[in-house]
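Step one of this worksheet: look at the structure below.
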Amino acid sequence: MLTAFKSVAKQAHYLSLIGIFLSPTIVYALPAGVEQITSVEGVTEYRLKNGLKVLFAPDASRPNTTVNMTYLVGSRHENYGQTGMAHLLEHMLFRGTPSMPNALGEFSKRGLAANGTTSLDRTNYYATFAANPETLNWYLDWQADVMVNASIAKADLDAEMTVVRNEMERGENSPFRVLMQTMQSAAYQWHNYGKSTIGARSDVEQVDIEQLRAFYRLYYQPDNAVLIVSGQFDEEQTLAHIAKQFNAIPKPERELPPEYTEEPVQHGSKTVMVRRQGGSPIVAAQYHIPAEADPQFTPLSLGISALGDTPSGLLYKNLVEKNLATSVFSYAAGLRQPGYALFLAELKDDMDPQQALTTLNQTIEEQNQALSQEDLDRIRNQWLNGWSQTYADPASLAAALSESAATGDWRLFFWARDQVESVQLDQVKTALKTWLVADNRTNGIYEPTSALARAPKANTPDVAALLSDYKGKTHQNLADAFDPSPNNIDHSTQREIIELDDQLGIVRVALLPKPTRGDRVHANLAIRFGDPDSLKGSRTIGSATASLLAHGTKKYSRQQIEDRFTELQASVYFSGGPNGVNVDIETVGDNLAPTLDLVLEILREANFPESELNKYKAQRLTQINNAKAEPSALANLTLSRHLNPWPKDDIRYTPTFEESAQYVQSLSQADLLAFHERFYGAGDIRFSATGSFDSETIKQQLKKGLKGWKRAPDYKRAADPYHAVKAEHFTINTPDKANAFYIETLPLKLQDSEPDFVALYLANYLLGQSETSRLWNRVRVSEGLSYDVRSRLQVSSYEPSASWTIYAIHAPENSAKLQAVIQEELATVLKEGFSEQEVQEGIHALLRYRQLARSNDAVLTSTWQSYLDLERTFAWSAHIDEALQKLTAKEVNAVVKKYLQPTAFSSALGADQSKQ
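For the sequence shown, the residue numbers in the working numbering are -3 to 912.
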């Protein structure tokens, strides 16, 4: 399970009557015991007789459904000695009920992408799945069952304890998380916001099962819950089913205990220090701020974001650009009760933390009035673009409504947008001046002030009064449904080869215009060039070139580029290496052409300013330094180097951390300019797009944007053929790390076009890819040794070359037992094989997950990129589906015996050896 302040799961929605979007009036009779409360911009609230709130956010543009059950209880509600109880209870609910003892396993069988999260103010459980009335009803039935019938057995608690402890230790490995937790506890004198959601180890390990059950019975009740359904579903049938299942649960007679603890005004600055081995220096500042529903929160949060923005913010200019830090970050936590703001800077080892901290504090408290209207407009546009993207995606909308419900009322999601749109610069400056004062600050490092400028006491707003007459904006119609079957995807996609003028080569395109909510479109541009011989020694230069493309051109600065993308409501990400570059784009349909125009201009005219290169080098060196102390990074690198056969100058070579740092340190602007001049150009280009756009406009834009560019050196893919590797086992000491990481890999000679591929694909799913897998059930569920244990099968589409990998995070004292249990499970699979029931359930689940993937526009876009290169269509996806459906246990087990050789795995363990 996940602990987070903001969690987002993804999904889509079905509507049969357009009129429902134009008026809050329903067009069908409400079931008995159900009352319609209000409707805002396509979201409708119903109330059951037992107090359960039900929110419907229908959307027909993509055929999947999200269900989110939010309980208005988080770590804020825990009593003394009960820290971590809300999060522990989240884990326990997945242990099931008497009628369903293994919820995660059942989710996996049905192809549900399901999880749960716990925060300070709420706990939620959600699932996204391919739209299916039976699956929807089944999951709603589970939610109704687990609301009142969760087992919460002592045996399950004991088994889950190591898993929860493992998750706790994973957080303890992170300097940022440890520093933040220490600052929280120092900043809050009485309020539970000063306690980590994960809880104190002693409380979690010694939790009383009866107290846990009492906590469950107190808070897991319909009058303390909000049930959200978004995406494609039949509203009338779903509401009837919800009424049937949940109205059977009586309204509780108990009253929730009152909350009367209020955090007093802070009477002076505080500083905490955390000293641990590994990682890079961090300095931070935290301030108490109002609750999210307080009208002061919006101008304050926008000002906080503007201060910490990269690269326009004052913190970036005063710290990163002056070489006092490698990166900066700011965040305003929107909570039900008065919360906090966090500012952070990460440093290299040779930077001065005290100087950086002094500059951080002075910038926040003494220069916040320097914010301009341009700064506010930039952050406002970024915020509104993010809001629009969330509103356009049903699963993201469900998650956002869950968070808003936790902070007081789901309508705050829309109300906050209204506040952002209308906020004025003087409001922002007043809020910053009021709250960002020294006496309200807690500093952290991985010096009191003579001026007593204390912040006022924050109060929890009356959200009901605030929103009593709130109606929101006029709701817009949404998109029609789209059939994500392979046949319809192929039928709807325009696949062409565009011949460029002046013998500049071709552009292979796959364009899938379809209606989407908010007229969103996902696109990807891929440019390939060079071959392994001509690119020798260019691995680091090629990666840096791709990373810095959008950091400046002959005409535009980095900030101007970012501002233009924000104006276009576009999220654009450049990535790549020595062999090519990829550009991922998400925007609204009307803006795809101008966004593409700017992207092509950047690709052609990038000039790699030396100041930006120096910042890039500092950030990469910081990342490399951090990785040196991380068990997972060390184990992965050690094993990758063992399996890698290529010489140092080859682009496929895996360097050591020290070599990577040397390569990065040696980068120069001349290197990047020369590489760009030599290799970037037209010739081998692919473009794919899915969503709301005009195909002809985009094709013309591609030809226009590429016209007159030079021809790139001919592209030849860097092959990665199979090679036999002698099994070896490595142990890497990671002192003072609470978590350990184990990984083992088996090289295989297999291509995805071979007959054995589909059977091995399913075998891997059954072995360790799902929550019903052998490894998951044995290592996590039965033994409680790992929070996350998985197997991963990677098979090339180009040559017979593959790898089978198993990995697990765990406590270092359990390393030997973990490895032994994994080997036992592999031996059992080889000896007994998978049962016919396992195979058929795995086939069913995989087909559901594949259907879910095909309903995601971003997945369709990236898949078309791959298919363009391989000259495939979604008929290949249909072929895999058909082959899966025909598999038998006999066939799967035969393939497992052919390829699974436990003694041929090479492995690496990153762990604190003093705890072994």
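C-beta atoms are modelled at their ideal positions from N, C-alpha and C, and glycine is treated no differently.
Per DSSP, reduced to three states, the secondary structure at Asn120 is strand. With fewer than 16 other CB atoms across the displayed protein chains lying within 10 angstroms of its CB, Tyr256 is exposed. Rounded to whole angstroms, the gap between the alpha carbons of Trp431 and Ser308 is 22 Å. The beta carbon of Gln233 lies closer than 8 Å to those of Pro129 in the same chain, with the five residues before and after it left out. The residue among Thr359, Gln555, Ile285 and Glu361 with its C-alpha nearest the C-alpha of Pro334 is Ile285. Within the stretch 786 to 812, the beta strand (DSSP E) runs of at least 3 residues that lie entirely inside it are, in chain order, 798 to 806.
Residue pairing by DSSP places Val584 opposite Arg516 in a beta bridge.
Taking a contact as a CB-CB distance under 8 Å, the pair Thr512 and Ser688 counts as one, their CB atoms being some 5 Å apart. DSSP lists Thr124 as the beta-bridge partner residues of Ala109. Only buried fits Asn111, as 16 or more other CB atoms lie within 10 angstroms of its CB. Of the other Cβ atoms in all chains shown, 16 or more fall within 10 Å of the Cβ of Ala337; this residue is therefore buried. Rounded to the nearest angstrom, the gap between the Cα atoms of Pro717 and Gln790 is 13 Å. The Cβ atoms of Ile694 and Ala854 lie no closer than 8 Å to each other. Between Leu599 and Leu544 the beta-carbon gap is near 12 Å, outside 8 Å, which marks them as no contact. Taking 8 Å as the upper bound for CB-CB distance, Leu463 and Asp405 are in contact here, some 6 Å apart. Collapsing the DSSP output to three states places Gly190 in a helix. Within a 10 Å sphere around the beta-carbon of Ala127 sit 16 or more other beta-carbons, which makes this residue buried. A straight-line Cα-Cα distance of about 30 Å links Ser192 and Leu310. Glu251 and Tyr283 have their C-alpha atoms spaced approximately 34 Å apart. The Cβ atoms of Arg504 and Arg682 lie closer than 8 Å to each other.
For Gln292, the CB contacts under 6 Å within the same chain, skipping 5 residues up- and downstream, are Pro286 and Ala427 in chain order. Note that the C-beta distance between Ala328 and Gly501 is not below 8 Å. Assignment of beta-bridge partners to His725 by DSSP yields Ser903. Contact between Asp908 and Lys733 holds: CB atoms are separated by about 5 Å, below the 8 Å threshold. Thr113 sits away from Asn60, with the two beta carbons spaced by 8 Å or more. Assignment of beta-bridge partners to Pro743 by DSSP yields Ser799. Annotated three-state conformation of Ser392 is helix, per DSSP. In the DSSP assignment, Ser539 falls within the alpha helix (DSSP H) that extends over Arg535 to Ser543. With at least 16 other beta carbons inside 10 angstroms of its own, Asp117 counts as buried. Setting aside the 5 residues that flank it on each side, Leu826 is surrounded in the same chain by Val892, Lys893, Leu896 and Pro898, each with a C-beta closer than 8 Å to its C-beta; the list follows chain order. Cα atoms of Asp515 and Lys49: separation of roughly 30 Å, rounded to the nearest angstrom. Closest option to Ala396, judged by alpha-carbon separation, among Leu223, Tyr552, Lys313 and Ala451: Leu223. Remark: C-beta atoms of Met81 and Val203 approach each other more closely than 8 Å. Annotated three-state conformation of Met164 is helix, per DSSP.
Relative to Gly576, the option among Arg376, Ile537, Glu102 and Thr562 whose CA is nearest is Ile537.
The continuous alpha helix (DSSP H) containing Val892 extends over residues Ala885 to Tyr895.
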